[in-house]
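Residue numbers (this note's numbering): 62 to 140.
Heads up, the beta-carbon is just placed ideally off N, CA and C, and yes, glycines get one too.
Report on one structure; see the data block that follows.
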Amino acid sequence: MQSIRSVLFTAAAIVITFAAFVLTASLALALAGIAAVIATGSAIAARFNAKPVPARARAAGREREMRIWNDGRGTIIDL
Numbered sequence: 062m063q064s065i066r067s068v069l070f071t072a073a074a075i076v077i078t079f080a081a082f083v084l085t086a087s088l089a090l091a092l093a094g095i096a097a098v099i100a101t102g103s104a105i106a107a108r109f110n111a112k113p114v115p116a117r118a119r120a121a122g123r124e125r126e127m128r129i130w131n132d133g134r135g136t137i138i139d140l
């Protein structure tokens, strides 16, 4: 009777350990998938951000004009 009980307990422990392993692996895979989707979305969104306007030196004879633009981080006023 003792050997049958120990075999059953061993089998139950193996089944529980395997179930815990499968659950952990599936949660890790789901987390990795979510992280990959977020990283891909962030990379795609970064491509569509407005690029800042390059600063250029004023030509010698031109009248100075005020330029105002927003580069996405704040409004820039060039006097």
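DSSP three-state assignment for residue i, whether helix, strand or coil
i: R108; result: helix
i: R66; result: helix
i: A116; result: coil
Length of the line joining the Cα atoms of residue i and residue j
i: R134; j: V76; result: 56 angstroms
i: A111; j: W130; result: 11 angstroms
i: A91; j: I105; result: 21 angstroms
i: V83; j: I95; result: 18 angstroms
i: T78; j: A100; result: 33 angstroms
i: A86; j: T71; result: 22 angstroms
i: R117; j: I138; result: 14 angstroms
Identity of the residues DSSP links to residue i by a beta bridge
i: T136; result: N131
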